[in-house]
């Protein structure tokens, strides 16, 4: 069914809102930005065609307030809502409210979001579609139940306790020994309840040298389901990705085709539409892969897939929401280069503690092979209430070595951010690490190499520069004009 979209409200902020606005500008579709009080001067507010205030700083009063979002769309004559990633992006209740208000929801059907948002139900759907899943138990109510399962199935530590609802690394606790079990179980339950309002947890075998591989899928309402190949997102801190690349350096072409077709088969059986990602955990020692979850939204790292395939994924989401067919077939998709993305968060690169404040200087990388997705400008504030991601830096090259070279130039030579601490020194250390360059890493890369990575940081900061200038000025003042002047 064809639907018209005249104006899109973006139910988000920062990097994701700005990214969606770029495609809307290409399509000549006007946009509405929403903002909380501390975000009134944010980048996404200036970039939109219209903007509306939706509440105070706490997300529950602004970006998570569904009633205010719908009211804002109606008030600004927006006829569609794109949720971006985070906040309300995977909230089936919000998707239903959007549709019930007579607005177009730019995302998968609410019932699909609901069934895939519950990890137990998602696992059942994967098993039904003959997709391999990690050995584990569901409906876990006590630590004793976990012990019994481990004994019966001869499962060794470590194991992972996970919240059934939600994602983003929250409500996940790794257990290394029997002594930690009771406390870890209680911790996972309380984290799950706090983050998602649902204390249910499941338990899975923890894959020691696991690698994180995900497949980008796009689908329309006419049964066309196509994959845009895979990404590798193994380098993580606290179960959250910080470096992603496409294609994956961990698999060969046979395995690549198998994983990608497994993902499309699963999405076809679920009845999925629009853009979505099937995540797998790959065990490099056994060369086996296991279903993890489906992300029913635009992923932060979608940009690297866009760079290697030439497809605008946000554009496809808008087309599908309008009831259009996918404009290509599977054999039209030919990735022809390598792309790498790093996430610049406003955090201390040694401790990951958040760093808030005003960006007093921002010099962004340019030159061949660089793509930026920014949520800030020089002089902008990074408020303490939201996710600390403010910039995505993507590099592309003919092959992996080339993409790493471009990233080294972008991070090491061309990027300057002052006023807040960022992950930049850590990201540069990672891409220069011989193990990363050789493609030998697992999800534990940061745990295993953190001290070494920190020791590689160049200790020059803006204070050193200021001292150097001050010394120079003092010298001139004391000694008078010099011969070279």
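Numbering (the working numbering), first residue to last: 62 to 546.
Ideal Cβ positions, reconstructed from N, Cα and C, are used throughout, including at glycine.
Since the structure is predicted, the reported quantities are computational estimates derived from the model, not experimental observations.
Rounded to whole angstroms, how far is the Cβ of residue i from the Cβ of residue j, which I believe are closer than 8 Å?
i           : j           : result
residue 356 : residue 337 : 6 Å
residue 304 : residue 276 : Incorrect: roughly 18 Å between the Cβ atoms, too far for contact.
residue 469 : residue 492 : 6 Å
residue 165 : residue 132 : At roughly 17 Å, the Cβ-Cβ gap does not stay under 8 Å, so residue 165 and residue 132 are not in contact.
residue 362 : residue 294 : 6 Å
residue 408 : residue 482 : 7 Å
residue 391 : residue 477 : 43 Å between Cβ atoms; not a contact.
residue 435 : residue 79  : 7 Å
residue 299 : residue 417 : Not confirmed; about 18 Å, so no contact.
residue 272 : residue 504 : 7 Å
residue 402 : residue 453 : 6 Å
residue 42  : residue 274 : Outside the shown range of the chain, which is 62 to 546, sits residue 42, and nothing can be said about it.
residue 184 : residue 199 : 7 Å
Are the beta-carbon atoms of residue i and residue j separated by less than 8 Å?
i           : j           : result
residue 66  : residue 383 : yes
residue 488 : residue 472 : yes
residue 111 : residue 93  : yes
residue 410 : residue 445 : no
residue 465 : residue 440 : no
residue 224 : residue 249 : yes
residue 308 : residue 210 : no
residue 342 : residue 268 : yes
residue 358 : residue 144 : yes
residue 310 : residue 500 : yes
residue 70  : residue 95  : yes
residue 404 : residue 496 : no
residue 171 : residue 334 : no
residue 263 : residue 180 : yes
residue 394 : residue 287 : yes
residue 109 : residue 130 : no
residue 232 : residue 245 : no
residue 457 : residue 480 : no
residue 88  : residue 376 : yes
residue 534 : residue 104 : no
residue 147 : residue 243 : no
For residue i, which residues in the same chain have their Cβ closer than 6 Å to its Cβ, ignoring the five residues on either side in sequence?
i           : result
residue 265 : 195, 197 and 221
residue 432 : 455
residue 255 : none
residue 153 : 171, 174 and 175
residue 467 : 430, 456 and 458
Report the three-state DSSP secondary structure of residue i (helix, strand or coil).
i           : result
residue 97  : strand
residue 200 : strand
residue 210 : helix
residue 548 : Beyond the ends of the chain as shown, which are 62 and 546, falls residue 548; an answer cannot be given.
residue 344 : strand
residue 502 : coil
residue 492 : helix
residue 118 : coil
residue 176 : helix
residue 417 : coil
residue 136 : helix
residue 126 : coil
residue 74  : coil
residue 277 : strand
residue 234 : strand
residue 339 : strand
First and last residue of the beta strand (DSSP E) that includes residue i?
i           : result
residue 301 : 301 to 307
residue 467 : Careful: residue 467 lies outside any beta strand (DSSP E), inside the alpha helix (DSSP H) at 461 to 470.
residue 354 : 349 to 356
residue 226 : First-last for residue 226: undefined, no H or E at that position.
residue 297 : 286 to 298
residue 424 : 422 to 424
residue 479 : 477 to 479
residue 566 : This structure gives no information on residue 566, because the portion of the chain shown stretches from 62 to 546.
Short of 7 Å in beta carbon distance, which residues of its chain neighbour residue i, apart from the five on each side in sequence? Order them along the chain.
i           : result
residue 346 : 270
residue 283 : 386
residue 173 : 331, 332, 333 and 357
residue 460 : 399
residue 85  : 69 and 92
residue 237 : 218 and 219
Along the chain, where does the alpha helix (DSSP H) that runs through residue i open and close?
i           : result
residue 143 : Not the alpha helix (DSSP H): residue 143 falls in the beta strand (DSSP E), residues 141 to 143.
residue 251 : 242 to 257
residue 270 : First-last for residue 270: undefined, no H or E at that position.
residue 69  : Residue 69 -> not in any alpha helix (DSSP H); beta strand (DSSP E) instead, spanning 69 to 71.
residue 239 : That residue, residue 239, is in no alpha helix (DSSP H); it is neither H nor E in DSSP.
residue 404 : Premise fails: residue 404 lies in the beta strand (DSSP E), 399 to 406, not in any alpha helix (DSSP H).
residue 561 : What the structure shows of the chain is the stretch from 62 to 546, and residue 561 is not part of that stretch, so it cannot be assessed.
residue 156 : 153 to 161
With a threshold of 8 Å on Cβ separation, who are the neighbours of residue i within its own chain once the five nearest residues in sequence on each side are excluded?
i           : result
residue 371 : none
residue 90  : 66, 67, 68, 69 and 379
residue 427 : 475
residue 127 : 149, 152, 154, 155 and 158
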